[in-house]
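Undergrad: Chains as they are written, first to last, in the numbering used here: chain A, 193 to 306; chain B, 6 to 119.
Mind looking over this structure? Questions follow.
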């Protein structure tokens, strides 16, 4: 069990550029979640997948954000035309289906928009 | 809708002293409750969780939390803290519906001083 893996760990980009983050969940975990965490705040839910289906999206997920999980395994989170307000840590998490199962988090991808 | 309030943003305490980190939640349905810990520049790790049954739950490293339904609280306690317990602690709720998503509080920074 290698845990939830995220890449890159850190990304500095200029305002207006597009960025993409990748998440590899724990194998056989069919639920995958994306969260955003800003300094001094708790993580905020963005979206989640059941296998390849995106089942819920938060209002925080503006049109510039898109997430995919094409084969029900890894997932990508793309931010288009980045803004300074997008600077945050983007956390990926996964868990098996079933009531009460633990959600396991990756170490996050830090985004700094300059 | 559910929400979580962590009443203290920072808790300074001396090593070997007891500590309590407070968490209150709001929900119109029954909930599952969690405490996660986050060390600097890392993702979140599950500390303990309450799903049902005994209202007192314990972690392997000496923390415990008690679910109090009447007071809608899930405070985290440790009788004697160590320097290594210095971290950010997050309380979270999820409803027993199928999403499994977590709603987090703002976090409490535990600062253990020698």
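Each residue gets a CB set at the ideal place from its N, CA and C atoms; glycine is no exception.
Please read all numbers here as calculations on a predicted model, not as lab measurements.
#1: Could you check what DSSP says for residue 218 of chain A in three-state terms: helix, strand or coil?
#2: What are the residues that DSSP puts in a beta bridge with residue 80 of chain B?
#3: State the DSSP-derived secondary structure class of residue 204 of chain A, mapped to helix, strand or coil.
#4: With a threshold of 8 Å between beta carbons, is residue 49 of chain B in contact with chain A?
#5: Between the Cα of residue 57 of chain B and those of B:39, B:12, B:106, B:80, spot the shortest distance and give me the residue it belongs to.
#6: Are the C-beta of residue 30 of chain B and some C-beta of chain A separated by less than 8 Å?
#7: Given this structure, state the Cα-to-Cα distance separating residue 249 of chain A from residue 21 of chain B, to the nearest angstrom.
#8: If residue 37 of chain B sits next to residue 99 of chain B, beta carbons under 8 Å apart, how far is it from one beta carbon to the other, in whole angstroms?
#9: Determine whether the beta carbon atoms of residue 28 of chain B and residue 81 of chain B lie at a separation below 8 Å.
TA: Considering the structure as presented:
#1: Within the first chain, numbered from 1, the residue matching residue 218 of chain A stands at position 26. DSSP places residue 218 of chain A in coil when its eight states are reduced to three.
#2: Along the second chain, read from residue 1 onward, the residue named residue 80 of chain B stands at position 75. Paired residue(s): B:71.
#3: For the purposes of this step, residue 204 of chain A is identified with residue 12 of the first chain, where counting begins at 1. Residue 204 of chain A: strand per DSSP, three-state reduction.
#4: Position 44 of the second chain, counted from the start, is the residue given in the question as residue 49 of chain B. Yes, its Cβ sits closer than 8 Å to a Cβ of chain A.
#5: Here the question's residue 57 of chain B lines up with position 52 in the second chain. Checked all of B:39, B:12, B:106, B:80; the closest Cα to residue 57 of chain B is B:39.
#6: Numbered from 1 along the second chain, position 25 holds the residue referred to as residue 30 of chain B. Not closer than 8 Å to any Cβ of chain A, the Cβ of residue 30 of chain B fails to qualify, so no.
#7: Reading the first chain from its first residue, position 57 is the one you call residue 249 of chain A. Reading the second chain from its first residue, position 16 is the one you call residue 21 of chain B. Their backbone Cα atoms lie some 44 Å apart in a straight line.
#8: Taking the first residue of the second chain as 1, we reach residue 37 of chain B at position 32. Taking the first residue of the second chain as 1, we reach residue 99 of chain B at position 94. Their Cβ separation, rounded to whole angstroms, is 5 Å, which keeps residue 37 of chain B and residue 99 of chain B in contact under 8 Å.
#9: Position 23 of the second chain, counted from the first residue, corresponds to residue 28 of chain B. Position 76 of the second chain, counted from the first residue, corresponds to residue 81 of chain B. Result yes, Cβ atoms of residue 28 of chain B and residue 81 of chain B sit closer than 8 Å.
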